[in-house]
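Trainee:
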Amino acid sequence: MKIRHFIYLIGFVTMSFVMLSCGASGDDPGYEFAPQMYNSVAYEPLNQIVNEDEGSWLSSREDGKGEFFNSNINNPYRMNMREPVANTVPRTKDGSLPYRLKAFELEAAALNENPIELSDKVLAEGKVLYTQYCATCHGPGGEGDGKAGEVVGGVANLKGGAYINLPEGHIFHVIMKGKGRMGAHGSQIPQERIWKIVHYVKQEIQKQ
Ligand code: HEC
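Quick note on numbering: the sequence shown equals residues -24 to -1, 1 to 184 in mature numbering (1 follows the signal peptide of the UniProt record, and there is no 0).
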């Protein structure tokens, strides 16, 4: 055989292989070029390969498994994520426990005590927050004479009548869940800050 024919033959065989490699259908991906690019060795949440022999022809792994095997054998359902411990309670964004009382459960709410220790710093913060969130309706002194309150109408005078004796848990609940014509503020103000406002209302506005 002349050397030229030999080269032709090699070329023909190579071309045939290349053409045949292009065939991929159904579950058969054909020959993959650089398979590590498609099959991540890292644990994948959605793309787990559970066949331990997959990619064994290429494997250099120390655990003897196929190169593409990437699912977690230690967790049930081959999940990569760990399930939370039983009875785990989720925290809110600000790290506090979720407030589970419903809007109408005012009596139960009234029993809650203010978890924030009273100090001058807390009162100063409470004043800023009160001015930010409450003064528009309740007025700077709490007498129900805020500008927005004129439009809303029927704003409570926090210094007058029965309001003066409201328990702290009650005030917290009203801010959190709203009451009557006053809207809920729970989604805007983190719980810790609401308790600071409650301190300010009690100590400075109601002088209780
Ligand atoms: C948009 C206006 C508005 C804002 C803002 C507002 N309130 Fe009120 N608030 C009202 C109105 C109106 C009432 C009367 C509700 C009713 O009885 O219908 C009320 C009632 C109350 C009461 C009495 C609840 C009761 O048991 O009757 C408290 C305490 C109170 N507000 C505190 C606050 C505090 C503290 C803030 C700031 C976090 C605040 N409010 C923000 C309008 C507002």
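Beta carbons are placed, not taken as given, at the ideal position from N, Cα and C, and that holds for glycine.
If Ile92 and His175 are in contact, beta carbons under 8 Å, what's the gap, nearest whole angstrom?
Mentor: 6 Å
Trainee: Excluding sequence positions up to five away, which residues of its chain have a Cβ less than 6 Å from the Cβ of Gly40?
Mentor: none
Trainee: Might you give, ordered along the chain, the residues of its own chain that have their beta carbon closer than 7 Å to the beta carbon of Asn90, omitting 5 neighbours on each side?
Mentor: Closer than 7 Å at Cβ, skipping near neighbours: Glu144, Trp171, Val174 and His175.
Trainee: Cβ atoms of Arg54 and Gln24: under 8 Å apart, would you say?
Mentor: Yes, the pair counts as a contact, with Cβ atoms nearer than the cut-off.
Trainee: For Lys153, count neighbouring C-beta atoms within 10 Å of its own C-beta (all shown protein chains included) and say buried if the count is 16 or more, exposed if not.
Mentor: buried
Trainee: Out of Val98, Leu99 and Gly129, point me to the one whose CA is closest to Thr112's CA.
Mentor: Gly129
Trainee: Ignoring anything shorter than 3 residues, give me the beta strand (DSSP E) runs that lie fully in the region 121 to 160, in order along the chain.
Mentor: none
Trainee: DSSP beta-bridge partners for Ser47?
Mentor: DSSP lists no partner for Ser47.
Trainee: With 16 as the cutoff for other CB atoms within 10 Å, does Ile(-22) come out buried or exposed?
Mentor: Exposed: under 16 other Cβ atoms inside 10 Å.
Trainee: How do the region 65 to 85 and the region 148 to 166 stand: do at least 3 beta-carbon pairs fall below 8 Å, yes or no?
Mentor: yes
Trainee: Taking all protein chains shown into account, do 16 or more other C-beta atoms lie within 10 angstroms of the C-beta of Gly71, making it buried, or fewer, making it exposed?
Mentor: exposed
Trainee: For ligand 1, is there a heavy atom less than 7 Å away from the beta-carbon of Lys178?
Mentor: no
Trainee: Tell me the residue span of the alpha helix (DSSP H) that contains Val174.
Mentor: Gln167 to Tyr176
Trainee: With 16 other CB atoms within 10 Å as the buried threshold, where does Gln167 fall?
Mentor: buried
Trainee: Leaving aside the five residues before and after Met158 along the sequence, list all residues of the same chain whose C-beta is less than 6 Å from its C-beta, in chain order.
Mentor: Here the set comprises nothing.
Trainee: Tell me the DSSP bridge mates of Ser36?
Mentor: BP columns for Ser36 are empty, so no partner.
Trainee: How is Asp96 classed by DSSP in three states: helix, strand or coil?
Mentor: helix
Trainee: Looking at the strands, I want to know which residues DSSP matches up with Ser1.
Mentor: Asp4
Trainee: Who are the Cβ neighbours of Glu43 in its own chain at under 6 Å, not counting the five residues just before and after it?
Mentor: Gly31, Leu34 and Ser35
Trainee: Assuming contact is defined by CB atoms lying nearer than 8 Å, are Gly102 and Gly115 in contact in what I supplied?
Mentor: no
Trainee: Ile181 and Pro120 - do their beta-carbons sit closer together than 8 Å?
Mentor: One point to set straight first is that residue 120 is Gly, not Pro, in the sequence displayed. Cβ distance not < 8 Å, so Gly120 and Ile181 don't count as in contact.
Trainee: Check whether the Cβ of Leu142 sits closer than 7 Å to any heavy atom of ligand 1, and report yes or no.
Mentor: yes
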